[in-house]
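Everything in the sequence shown is counted per full-length UniProt numbering, starting at 1 for the first residue and increasing by one.
A virtual CB, placed ideally from N, CA and C, is assigned to each residue, including glycine.
Remember, it's a predicted structure, so these values are computed and weren't measured experimentally.
Remarks on the structure that follows.
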Amino acid sequence: MVDYSILYSYFEHINRKPLMEEEREEITRFFRKSTFRKKTMIMKAGEANTLHYYIEKGLLRMYIIDQSGKEFNILFARERQWIGDLGTPAETPYFIETLENSTVYSISEDNFHILYKRYISLANYIRKSYVFLQKRFVSILSKTAEENYEELVNEHPELIQRLPQYQISSYLGVTPVFLSKILAKRSKKD
1 MVDYSILYSY
11 FEHINRKPLM
21 EEEREEITRF
31 FRKSTFRKKT
41 MIMKAGEANT
51 LHYYIEKGLL
61 RMYIIDQSGK
71 EFNILFARER
81 QWIGDLGTPA
91 ETPYFIETLE
101 NSTVYSISED
111 NFHILYKRYI
121 SLANYIRKSY
131 VFLQKRFVSI
141 LSKTAEENYE
151 ELVNEHPELI
161 QRLPQYQISS
171 YLGVTPVFLS
181 KILAKRSKKD
């Protein structure tokens, strides 16, 4: 029997009330639980993306590859966060890969829309994801790599501990060598 208690807890939290039995059954019917090993590609650019993912355990990254073949991390998602292409079901420009052994719940676009309409709090949560992405893009375009690193350290210090430096440098849009310079400069200040 698959354990959906994390999802039940999530929906109870965002709705601020216990789920009724029929709501639990619907969640169980709509979501599929999967476990992936580290470095598993769960979404590839060019595919018609039709799934959204809620993370029970692990760390995932969403990234793109530019025309020269360079990877750029768009975002990282960890426990109790959503990840996916918000432009679904169109062909996606993104890749999603597990950075740690991960357990996720996937839901189809159609079922996601049913829940989205039923749970206004879910709609608000997804709206916050849009706001985060907009702020991230503005930050990339308007701040220095040093400022973006400081923001990452201050807002998501746990990611600094979980991610290798080359993933962080890709997230900042700099080379690993440049990130090393930022870290050296930062350590001199401390």
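Close beta carbons around residue i, own chain, < 6 Å, minus the five adjacent residues each side
i	result
S106	R32, L51, Y53
T35	T103
R78	L59
Y162	Correcting the residue type first, residue 162 is Arg in the shown sequence and not Tyr. Closer than 6 Å at the Cβ level, and outside the excluded window around R162, lie L59.
F30	I107, N111
V174	A145
D85	N49, T92, Y94
Distance between residue j and residue i (C-alpha atoms, nearest Å)
i	j	result
P176	E155	21 Å
E100	S142	31 Å
Y149	E23	41 Å
K188	I182	10 Å
D66	F72	8 Å
E140	V131	Per the sequence presented here, residue 140 reads as Ile, with Glu not at that position. Each residue's alpha carbon lies about 14 Å from the other.
Q134	R118	26 Å
W82	G69	27 Å
T98	T88	20 Å
V138	S9	33 Å
V2	T28	9 Å
Extent of the continuous beta strand (DSSP E) to which residue i belongs
i	result
Y63	59-65
A145	First-last for A145: 145-155, but that is the alpha helix (DSSP H), not the beta strand (DSSP E).
L75	71-78
T98	95-98
R32	31-36
Y105	102-108
M43	41-43
Close Cβ partners of residue i (< 7 Å) along its chain, the five nearest in sequence each way excluded
i	result
L122	I14, L115, Y116
For residue i, the first and last residue of its enclosing alpha helix (DSSP H)
i	result
R186	176-189
S5	5-15
8 Å Cβ shell around residue i - same chain, five flanking residues per side excluded
i	result
S170	Y63, E71, F72, N73
If we count Cβ pairs, one from each stretch, closer than 8 Å, do we get three or more for the region 35-45 versus the region 85-93? yes
Does the region 64-78 come within contact of the region 158-165, defined as at least 3 CB pairs closer than 8 Å? yes
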